[in-house]
Amino acid sequence: MLQPVFEYTKGMLPVETNYCPGCTHGISHRLIMEVLEEMDMLGNTIGCGPIGCSVMAHRFMNVDMMECAHGRAPAIASGIRRVHPDKLIFTYQGDGDLASIGTAEFIHAAARGEHITTFFINNAIYGMTGGQMAPTTLIGQKSTTTQTGRTVAQAGAPMRVCELVSTLDGAVYVERVALNSPANINKAKKAVKRAFDVQEKKLGFSMIEFVSTCPTNWGLSPLEAIDFLNEKMLPYYPLGVFRSPEGGQ
Amino acid sequence: MSGKVLMKGNEAFSEAAIRGGCRYYFGYPITPQNEIPEYMSRELPKHDGHFIQAESEIGAIMMAYGAGAAGGRVFITSSSPGIALFQEGISLMCSAQVPTVILTVSRCGPGIGGIQPGQADYFQATRGGGNGDYRVPVFAPSSVQEGVDMVYQAMELSDKLRNPVMIFTDGLLGQMMEPVVMPDFVPVPKSDEIRKGKPWALTGYGKDDSKRNTVTSLRIVPDVLEKYVHGLFEKYEQAEKELCRVETFDIEDADMVIVAFGTVARITKEAISMLKEQGIKVGLIRPISLWPFPYDVFNKISPKTKVVISAELSMGQMIQDVELGIAKRFPVRLINRTGGTIPTSLEIAERAKKIYEEIGG
């Protein structure tokens with residue numbers, strides 16, 4: 022009898038997503054959901070989605086989900102955590118959501134050492150609103166609000182979120198991964214699993230940053246977008262573990 | 262019920278919330294309501310409840326949104342500028358139909374204003390500063406006991422309506438001490454029992470993903486959103502019929518009627534006694550629910566009444582609702598203080614008498 026060698030994860034609902042060709046949201050969604058399925062935790066998880074391109078994440082991810090207002094997901098997740106001490110709770114947030122409008126909620130959830138996991142999608146631009154500058158937009162990078170390229174003089178330097186949050190004792194597991202190659206995608210999945218393990222053990226706040234692409238708003242083809250990620254993003258946003266329960270990298 | 266105890270308003274409201282089933286409180290310090298987060302931080306853990314001192318009022322109301330969506334009973338408090346920061350969350354909770362009980366210990370504005378009692382947040386409470394079409398039932402006590410009973414009942418009401426409910430107090434009621442009788446503790450479901458009472462709540466669906474729940478606010482298709490908002494307003498229409506509360510006396514046989522709520526109603530009652538001694542018959546309308554506003558009660562005012570006065574700690578906000586209720590049948594005048602000074606009963610009586618004489622009474 023034939024045995025299946027591959028099955029689509031039950032964690033993703035059988036619907037079409039609204040994501041553009043070459044966008045990596047689909048990969049990060051699926052990695053998180055695969056890990057939850059493997060942990061047999063889909064029915065014991067509550068997700069908190071963002072505002073942005075992934076505002077519809079609750080239509081794709083097969084867990085109980087809350088659609089949060091711009092940047093508020095970590096505060097909302099903190100409230101949910103108090104009611105359900107034994108569920109897995111995660112937030113899924115983009116760079117504008119987490120590092121701009123929701124900085125206070127994110128930083129303080131981490132500082133409190135909330136037993137939640139934040140998945141941070143860094144594609145260095147606002148997607149849904151049409152390509153405006155994000156806190157993580159690179160110097161020289163063009164956006165609809167930095168049309169000749171971001172300058173330090175006008176907008177300051179991009180924020181490195183993993184490095185920033187790693188200064189807080191409540192953030193016990195912080196890793197930056199990239200969705201640019203099969204090898205790195207496998208590494209990203211391991212990081213997701215590790216973050217949920219940290220949460221299950223109630224060790225503190227955990228965060229995985231996914232260095233991601235946005236071909237549409239970068240004005241690049243999907244393949245060119247991978248090149249941009251490799252050549253421009255990774256030198257500024259180095260991959261690695263910034264904080265772990267064992268200490269350091 | 263407890264025996265009679267002497268309690269400060271803010272602490273009494275906190276205790277009433279716990280007895281009404283609140284196990285989740287999220288707050289941020291702001292005068293004159295600081296006794297509430299202090300009380301909750303101390304007392305909630307004794308009842309297996311949870312307190313978080315949030316990073317801001319925005320953080321606090323979002324924690325309330327999360328805990329409410331997860332099926333918990335939530336109490337959240339602030340004062341005027343802090344309630345301004347709550348507005349985003351209030352609009353969201355109305356949209357997503359998530360319950361919570363909000364208490365404001367109102368102070369003066371605009372802006373940072375002052376920390377003395379005020380009622381200039383009447384529009385903020387009854388019209389809201391959040392975006393979109395929504396309504397929040399608002400109740401205004403004029404004694405600590407009435408506030409206790411309102412907070413306690415609002416816990417159940419908010420769950421039933423699946424909508425925020427607001428209690429509108431001011432710095433005077435929050436800070437004053439009065440004897441109160443506390444209601445009994447209501448039973449609180451454990452986290453794994455929540456879905457029985459709240460099948461919509463986010464709890465994790467367990468083994469059966471056909472029971473998956475989502476709590477959402479975005480409805481991007483115009484027809485879908487329009488239908489949804491109409492659905493919300495069917496709920497609000499029903500609430501308008503059921504929740505209207507008002508205290509009146511002597512309005513069927515009055516030379517003059519004064520409309521006042523909360524602290525000012527209390528002072529007005531004494532002013533009315535003074536005026537009676539001077540031979541002026543004065544009736545009182547005390548709206549207890551500010552939304553829904555008791556417009557119909559204005560139909561009971563005697564035709565011989567010369568003037569209707571709105572007495573408020575603002576530049577005149579409730580007076581707009583009074584004028585809607587009066588519908589041009591009587592002259593309407595304002596007696597007000599703002600900036601934090603509370604009028605004495607004598608001041609209200611004298612100003613009311615002056616208005617009455619000017620109108621030709």
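The listed protein sequences correspond, in order, to chains A and B. If you read the first sequence in my numbering, its first letter stands for residue 22, the second for the next number, and so on. If you read the second sequence in my numbering, its first letter stands for residue 262, the second for the next number, and so on. Ideal Cβ placement from N, Cα and C applies to all residues, glycine included.
What's the C-alpha gap between residue i and residue j?
i	j	result
Glu37/A	Ser478/B	21 Å
Phe554/B	Thr529/B	19 Å
Ala521/B	Gly540/B	21 Å
Ile344/B	Leu486/B	27 Å
Arg396/B	Ala199/A	45 Å
Val449/B	Cys44/A	45 Å
Gln270/A	Ile128/A	Reliability of the predicted coordinates at Gln270/A is poor, the pLDDT of 47 falling under 50, and the value obtained from them is presented with this limitation in mind. If I take the Cα positions, the gap works out to 21 Å.
Gln414/B	Pro106/A	27 Å
Arg51/A	Val266/B	58 Å
Asn205/A	Leu23/A	31 Å
Ser471/B	Gly465/B	12 Å
Ser403/B	Ile67/A	41 Å
Leu545/B	Pro293/B	28 Å
Pro256/A	Glu230/A	15 Å
Gln436/B	Ala613/B	28 Å
Thr165/A	Asn238/A	9 Å
Ser571/B	Gly123/A	42 Å
Lys561/B	Leu595/B	20 Å
Arg334/B	His136/A	21 Å
Apart from the five residues just before and just after residue i, which ones in its own chain have a Cβ nearer than 6 Å to its Cβ?
i	result
Ile319/B	Leu346
Gly393/B	Ser352
Give the interface partners of residue i over in chain B, defined as CB-CB distance under 7 Å, in chain order.
i	result
Ser121/A	The contacting residues do not exist; Ser121/A stays about 14 Å from chain B at best.
Lys108/A	Gly465
Arg171/A	Here the premise fails: no neighbours, minimum Cβ distance about 27 Å.
Under 9 Å between C-beta atoms, does residue i make it to chain B?
i	result
Ala178/A	no
Cys69/A	yes
Val262/A	no
Val104/A	yes
His136/A	no
Met60/A	no
His79/A	yes
Arg181/A	no
Val76/A	yes
Along chain A, in chain order, which residues have C-beta atoms closer than 7 Å to that of residue i?
i	result
Ser478/B	Glu88
Ile291/B	Simply none; closest approach about 16 Å.
Tyr326/B	Ile97, Gly100
Leu353/B	Ala90
Arg473/B	Asn83, Asp85
Glu349/B	Ala90
Apart from the five residues on each side of it in sequence, which residues of its chain come closer than 7 Å, Cβ to Cβ, to residue i?
i	result
Thr566/B	Ala515, Asp516, Met517, Val518, Phe591
Gly161/A	Gly170, Arg171
Counting only the same chain and skipping the five closest in sequence on each side, list residues whose C-beta sits under 8 Å from that of residue i.
i	result
Ala357/B	Tyr326, Ala330, Val476, Thr477, Ser478
Phe81/A	Met33, Leu34, Val36, Thr38, His50
Val593/B	Val568, Val569, Ile570, Ser571, Ile580, Val583, Glu584, Ile587
Pro25/A	none
For a contact defined as C-beta to C-beta under 9 Å, what are the partners of residue i on chain B?
i	result
Pro203/A	Chain B residues near Pro203/A: none, gap ~29 Å exceeds 9 Å.
His50/A	Within chain B, no residue comes near His50/A; the closest Cβ sits about 15 Å away, beyond 9 Å.
Ala125/A	Glu316, Ser317, Ile319, Gly320
Could you tell me which chain A residues have their CB closer than 8 Å to the CB of residue i, listed as they occur along the chain?
i	result
Asp233/B	Outside the displayed span of chain B (262 to 622) sits residue 233/B, for which this structure offers no information.
Ala315/B	Ala96, His129
Contact criterion: CB-CB distance below 9 Å. Does residue i meet it with respect to chain A?
i	result
Ser339/B	no
Arg246/B	For residue 246/B there is no data in the structure shown, the boundaries of chain B being 262 and 622.
Gly467/B	yes
Leu463/B	yes
Ile455/B	yes
His311/B	yes
Met437/B	no
Ala330/B	yes
Met301/B	no
Glu487/B	no
Tyr285/B	yes
Val426/B	no
Any heavy atom of the ligand FAD closer than 8 Å to the CB of residue i?
i	result
Glu88/A	No copy of the ligand FAD appears in this structure; indeed no ligand is present at all.
So which residues on chain A does residue i lean against when the C-beta distance must stay under 9 Å?
i	result
Ser452/B	Val104, His105, Pro106, Asp107, Lys108
**Request:** Pair every Cβ in the stretch 188-204 of chain A with every Cβ in the stretch 161-176 of chain A, then say whether three or more of these pairs are closer than 8 Å.
**Result:** no
**Prompt:** On the three-pair Cβ rule with 8 Å, is the stretch 557-576 of chain B touching the stretch 586-600 of chain B?
**Reply:** Short answer: they touch.
**Message:** Counting beta carbon pairs with one atom in the stretch 405-412 of chain B and one in the stretch 239-247 of chain A, are three or more of them shorter than 8 Å?
**Reply:** no
**Asked** With contact counted as at least three CB pairs below 8 Å, one residue from each stretch, are the stretch 297-310 of chain B and the stretch 108-123 of chain A in contact?
**Response** no
**Prompt:** Between the stretch 414-434 of chain B and the stretch 360-368 of chain B, are three or more C-beta pairs nearer than 8 Å?
**Reply:** They touch, by the three-pair rule.
**Request:** Pair every Cβ in the stretch 268-278 of chain B with every Cβ in the stretch 82-97 of chain A, then say whether three or more of these pairs are closer than 8 Å.
**Result:** No, because fewer than three Cβ pairs between the stretch 268-278 of chain B and the stretch 82-97 of chain A fall closer than 8 Å, the two stretches do not touch.
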